[in-house]
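Report on the following structure.
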Amino acid sequence: MFPMGFISGLFCVWLLRDTPQKESLPTSQICLIIDDFGNSLNRDIQGFLSLDHTLTFAIIPGHTYSKETASLAAEKGVETLIHMPMESWDGIDPDEAAFCLHEGLNPGEFEQRISLAFDEIPGAVGMNNHQGSKSTGDAQQMKILARILKHRNKLFLDSFTNPDSKAFVTMKKMGVKTGLRHLFLDNIDEESAIKAQLDSLIVIALERGSVIGIGHCKPVTLKVLREVLPEIEKKGIHLVPASAVAN
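Position one of the sequence shown corresponds to residue 1 (my numbering), numbered consecutively onward.
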């Protein structure tokens, strides 16, 4: 059986296939978002911070190093998102319960948790969902979130952990700048698999103009990015932050 990330990745490629192509593609762009910062500031995290390429870091609020990571990213000019915990079909992670968005909250509680997250990561241009397979499938929750982000003039990037996600469509309807993840880089934590996913991103970028990939702050992902990112740029493909592809 294929993992859900692989299946949803195929679904995104299928959507792209059936999307009318632009007449000309003067610029090919890849947005790479790296999730799950905030738990550590070990050698690997420092390695991501030292990469001399345009990436977007998604930081989980409420963890030991969330504020410090956000500060270090700001010093290095790295764009950040809040990697906002949301309820999954498996439930709520107890370590993230204080920030997690879920169906039991009223709009005021939604806003309070989002405000706390932006207090911790004040430079964030918006957010993407951490887990959230249940929450993003709930149109009412996504409407509440969209109203809050619209008021703050912040974007939302749908990590697309649920093929029935209502997040992207809801944000579009409510005028929130948004984007949709096309591929996960490292659901299979092996060099060859990550390189294959990056190759797929290159193909989509060259054919369609722009594409969004999400990886995680894993040692193998860092190793592959160090090797492959210079080669991507040599192909004339621009690495851009999330704010450049959200519309």
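Backbone N, C-alpha and C fix where the C-beta goes; we use that ideal spot for every residue, glycine too.
Bear in mind the structure is a predicted one, so any value in this text is a computation, not a measurement.
query, result
"Nearest CA to the CA of Leu149: which residue from Ile59, Gly137, Phe118?", "Phe118"
"Which ranges does the alpha helix (DSSP H) cover as unbroken runs of at least 4 residues, wholly within the segment 169-242, from first to last along the chain?", "191-208, 219-234"
"Who does Phe37 pair with in a DSSP beta bridge?", "Ile59"
"Less than 8 Å between the CB atoms is what I'm expecting for Lys166 and Ala146, so what's the real figure, rounded?", "Rounded, the Cβ-Cβ distance is 10 Å, inconsistent with contact."
"Please look up how many angstroms separate the CB atoms of Leu206 and Ser28, rounded, as I've assumed it's under 8 Å.", "5 Å"
"DSSP on Val245, reduced to helix/strand/coil?", "helix"
"Leaving aside the five residues before and after Gln131 along the sequence, list all residues of the same chain whose C-beta is less than 7 Å from its C-beta, in chain order.", "Pro85, Met86, Ser88, Thr161"
"Give me the DSSP bridge partner(s) of Asn129.", "Met84"
"Which residue marks the beginning of the alpha helix (DSSP H) containing Leu101, and which one marks its end?", "Note, Leu101: premise wrong, no alpha helix (DSSP H); not H, not E."
"Is DSSP giving Arg17 helix, strand or coil here?", "Confidence is the limiting factor: at Arg17 the pLDDT is only 44, short of 50, which leaves the residue's position unreliable, though a coordinate-based value still follows. In the structure shown, Arg17 sits in a helix (DSSP, three-state: H, G or I)."
"Rounded C-beta distance between Val169 and Phe156? I'm assuming under 8 Å.", "No, Val169 and Phe156 are not in contact; Cβ-Cβ is about 11 Å, not under 8 Å."
"Measuring straight from C-alpha to C-alpha, what distance separates Ile188 and Gly38?", "22 Å"
"Return the first residue and the last residue of the beta strand (DSSP E) that Phe156 is part of.", "155-158"
"Between which two residues does the alpha helix (DSSP H) containing Pro107 stretch?", "107-120"
"Ignore the nearest five residues each way along the sequence and tell me which others in Val78's own chain have a CB closer than 6 Å to its CB.", "Phe57"
"Which first and last residues belong to the alpha helix (DSSP H) in which Asp47 is found?", "The sequence shown places Gly at residue 47, rather than the Asp named in the question. Note, Gly47: alpha helix (DSSP H), 43-50."
"Going by CA-CA distance only, name the one from Ala97, Glu227, Ser200, Lys154 that's closest to Val211.", "Ser200"
"Taking the CB atoms as reference points, tell me whether Ser54 and Leu239 lie closer together than 8 Å.", "A quick correction: the sequence has Thr, not Ser, at residue 54. Taking 8 Å as the Cβ cut-off, Thr54 and Leu239 qualify as a contacting pair."
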